[in-house]
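Report on one structure; see the data block that follows.
Chains as they are written, first to last, in my numbering: chain A, 199 to 729; chain B, 14 to 590.
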């Protein structure tokens, strides 16, 4: 606008077609970057920083976070895509691909003179229709372990190599099944992920209990306790100066000593209470007693407890306190005054594992663990990070499937079906918005196209093949990435999340619409006034 | 681990804070004595307070700071986030991914001369150890405690003179020691030295919200804190070093609130640092810094046991910088590398009381003494180097300063040097035999009777500040200023730090200097807080929408201003009379 120009001569303005071109090129640029990631045959990316830090990933979300996106439009799309990940845990790459493709298809019509407003009208109609297709195609069935395994495998196969994916699949599903309670939302925080730089990635396991990355700090405490009562508490067991005063000047050393002793007695009394309680509950020989304290325990207190055969861990993480109660039963005590045997948890086995300077304490064989730990192993930190990201996504996928109560056939089946349905729907729509619908339908096909490309097949040929197959079969067909032929995804267990697709349709349409309707880009912020 | 060491965990937030911190750790590391035979005199400093002993997966013993440092993405230059200390060497990358893998490599940044020499030294040590290991397999224990680094005296820390002024752009360019892999935390959301388009990290609220919005970061911080804290048998407290003028101030406040919550009985000593000069800064950036400083100062004064603002610009937030000038220093205020060196050396000296081998006080005791009556902001002054001549004596030096105190303020707006309410001063690097050599017979008898450094200091302080609560410590060990400490000393400072008539040749650097520092609860702090309050009141906060976007309410800001006013009143001496 000239008004802006006259106020700020340095303002940069891009108008109408130019503005659209800016947006489209940004969206397509981002699409090109992420294109090669999609699917289990996508390209793994190894990022090495100037100082030699390594990152290994093919997760669109991780990559978008890594990239330093300067272009405002591109960063807007990136933000939507990462928001998709925050909400549903998957679909970042698809999101970027579809937005890019929607703009590309729209551009074909707009360059022939169609007003962007009409295109977006078509988009709205198409989106609603596509959502209907999604409802039709979704498979509502009892979400049993097999279904969940399929969902998790579909997600994990796109993140890590197949053997590892199959291993993780089992762990992820079992973890979620362990913590899920009927009629309650699943809290994935109850699945702890613990990293251990040790052995290989194939040694990653699921521990039905808690693993903590610290151990007992006393040489005489047992490294292995069976049949253990677990006392979780949040009580300070270390000598602390109770009064706040300028304690600089004691008259003499003995006086100082006396004061210290008096305060020490306070702590000793607490420890004595625990010891007495232990004696009370552990009357038989073969019972162990483990104290896990959120606050500190000083060496003297540790010593007292070690003498009584108690294993004590100090400074447990706050988030682990809740998990401990869920895994072992019992509850966390905030005071030692009203301890009863009911407050105690139980674990069949508690043991310590030392790795260099790092100690790990395993609390296992719990009766009915509602909090579990996935112990991630790997030879180096970037492998650990990669597995952690993958597990995170896998957990989300399983959780989504349980909460949706339904799944979607994967391998591009939905997109093929939606395209066919939209082309049919288009015929019934009057006027130019039908062009928008056609654009939308074509844009959706980017997913199977890129899947085919990444697996080394010809995109057009594959699409045609799939469409023919779909028309003949009458049920959703997807792409077999190893042969390039059509397959029935539900038969081979390629299942996607319903909510991921739904969210995709919504957010891509909104962003593409917004970007298309931009007819002027101005840069006249205060930062450009500098100088 | 030593039986009764009271550990302190250090937290560094922000790029400039890391600059200061790096100098500080370097100074400490250069005073390490690896060979017990070489050690002269008693061990004075207990390094276990700030350092921890660890073990790598190869069973090598390590000694690293008990430190958690935060910085922005892209600020580490050649330093790897996890360091190289705990690296596993036989690393053949085993990629099992069945299809393509692409490699995206950023060009390797060239290390400067100093870092290259450090690498060479590390390599040389490793080889040496490998050759040693074969014959000594039985008595391996103890042998390797120090062998990790620095056992042999390589030429890196010898006489070689570095000029790093041009090659240091970030703090890792002169980091002399290894950090633990868990020490560094990189904030991925914001970019260091950002280009025009990306979001700068200069708003208080941005930092404050960081831990709420980013669960991954939050968990990371919790894990790291846990790692360093859990192993402490007698944790006595925390020391925070933070950039008080940008988003890190907000992050620090958030972290501090959590720490006070969890560790209410521990001492929390925080130092807020600000560079002397911001080059090419716009008015808006200046104001952002001002508002953020106001918010940070108010929160820190509230939540830490003692808060010490530090900068070499004694007219912070003013139009023109007013640089602190030291008589025997010539530093370049534009270089963070220089200014942070002065602050780093001062911090190393002022924190001596809780790092002493014998008779140490705890952080909490120190902060209680200086932060009573709600005066939780303290001022730091230092004399670098302490101006003792190569022929003079301590008594003589102090007598030349009988009408003005010998130190310069490192806390802005505290140049008046009024009588402090309480102070803790540390004198280091003055040998017992320097107390009164060549003393003129005309000197007062009282002084002639003194025989130790402590006695002289006590007498001097009582004389100069009769109304203050004075505590003083002295230390034989001087402040080590060998490479990579910048060459900021004037020509009249000799190699051992004493002033001399002869000019020091250009080819020689100063290796250590005597130093005096004083941490004070002083009425001058009122003028600091007053300045901040006046400047911040002038700002029309409504114009700075970025703060509101980051969660600030207009009422909060007004309240902050009111609290600052109340804080300034705490220092008013009128109420005492």
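Just so you know, even glycine gets a beta-carbon here, dropped at the ideal spot from N, CA and C. Note that the coordinates shown come from a computational prediction; the quantities given were computed from them, not determined experimentally.
Would you kindly check if the distance between the Cβ of residue 367 of chain B and the Cβ of residue 33 of chain B is under 8 Å?
-> no
Excluding the five sequence neighbours on either side, which residues of its own chain have a C-beta within less than 8 Å of the C-beta of residue 214 of chain A, listed in chain order?
-> Closer than 8 Å at the Cβ level, and outside the excluded window around residue 214 of chain A, lie 717, 718.
Per-residue contacts from residue 554 of chain A into chain B (C-beta, under 9 Å) | Close to residue 554 of chain A, with beta-carbon spacing below 9 Å, are these residues of chain B in chain order: 67, 68, 69, 70, 71, 72, 99.
What's the gap between the Cα of residue 424 of chain A and the Cα of residue 551 of chain A?
-> 15 Å
The beta strand (DSSP E) spanning residue 491 of chain A covers which residue range?
-> 486 to 491
Name, in chain order, the residues that DSSP records as bridge partners for residue 486 of chain B.
-> B/439
Cut-off 6 Å between Cβ atoms - residues of its own chain near residue 568 of chain A, not counting five sequence neighbours on either side = 377, 524
When the Cα of residue 555 of chain B is compared with those of B/568, B/547, B/545, B/394, which residue comes out closest?
-> B/568
Report the option in B/84, B/471, B/439, B/490 whose CA atom is closest to the CA atom of residue 28 of chain B.
-> B/84
Alpha carbon to alpha carbon, how far is residue 371 of chain B from residue 240 of chain B?
-> 27 Å
Shorter than 8 Å from the beta carbon of residue 496 of chain A to some beta carbon of chain B?
-> Chain B has a Cβ within less than 8 Å of the Cβ of residue 496 of chain A.
Validate contact between the stretch 409 to 426 of chain A and the stretch 597 to 605 of chain A using beta carbons, cut 8 Å, 3 pairs = Judged by Cβ distances under 8 Å, the stretch 409 to 426 of chain A makes no contact with the stretch 597 to 605 of chain A, as fewer than three pairs qualify.
Return no unless some Cβ of chain A is closer than 8 Å to the Cβ of residue 94 of chain B.
-> yes
Where the alpha helix (DSSP H) through residue 561 of chain B begins and ends | It spans 558 to 562 - the alpha helix (DSSP H) in which residue 561 of chain B sits, taken as one unbroken run.
In whole angstroms, what is the alpha-carbon distance linking residue 212 of chain A and residue 265 of chain A?
-> 25 Å
Which residues, in order along the stretch 244 to 264 of chain A, keep a beta-carbon less than 7 Å from a beta-carbon of chain E?
-> The question asks about chain E, but that chain is absent: this structure's protein chains are A and B.
Residue-level contact to chain B via CB, residue 468 of chain A, 8 Å cutoff = No, no contact with chain B.
Proximity test, Cβ basis, 8 Å: residue 300 of chain B and chain A | By this cut-off, residue 300 of chain B is not an interface position.
Relative to the alpha-carbon of residue 560 of chain B, which residue among B/441, B/215, B/267, B/383 has its alpha-carbon at the smallest distance?
-> B/215
Is any beta-carbon of chain B found at less than 8 Å from that of residue 461 of chain A?
-> no
Got a sec: is the Cβ-Cβ distance from residue 241 of chain A to anything in chain B below 8 Å?
-> yes
Compare the C-beta of residue 417 of chain A with all C-beta atoms of chain B and state if any pair is closer than 8 Å.
-> So, not an interface residue.
Interface flag, residue 91 of chain B vs chain A, CB-CB below 8 Å | At least one beta carbon of chain A lies nearer than 8 Å to the beta carbon of residue 91 of chain B.
Is residue 260 of chain A buried or exposed, if buried means 16 or more other CB atoms sit within 10 Å of its CB?
-> That one is buried.
So, using beta-carbon positions, are residue 588 of chain A and residue 366 of chain A closer together than 8 Å?
-> Contact flag set, yes.
Between residue 463 of chain A and residue 490 of chain A, what straight-line distance do the alpha-carbon atoms span, to the nearest angstrom?
-> 22 Å
Where residue 495 of chain A falls: helix, strand or coil (DSSP) = strand
So, is the C-beta of residue 551 of chain A closer than 8 Å to a C-beta in chain B?
-> No - not a single Cβ of chain B is within 8 Å of the one on residue 551 of chain A.
Taking the CB atoms as reference points, tell me whether residue 87 of chain B and residue 204 of chain B lie closer together than 8 Å.
-> yes
Secondary structure of residue 572 of chain B, DSSP reduced to three states = helix
Using only alpha-carbon positions, find the residue among B/301, B/515, B/394 that is nearest to residue 548 of chain B.
-> B/301
Cutoff 8 Å; reference residue 474 of chain B; Cβ partners in own chain excluding five residues on either side = 436, 438, 481, 483, 485
Say whether chain A places a C-beta atom closer than 8 Å to the C-beta of residue 290 of chain B.
-> no
Could you work out which residues of chain B lie near residue 513 of chain A, taking near to mean beta carbons separated by less than 8 Å?
-> 239, 242, 243
For residue 425 of chain B and residue 328 of chain B, believed in contact at Cβ under 8 Å, the rounded distance = 7 Å
Between the C-alpha atoms of residue 125 of chain B and residue 499 of chain B, what's the straight-line distance to the nearest angstrom?
-> 14 Å
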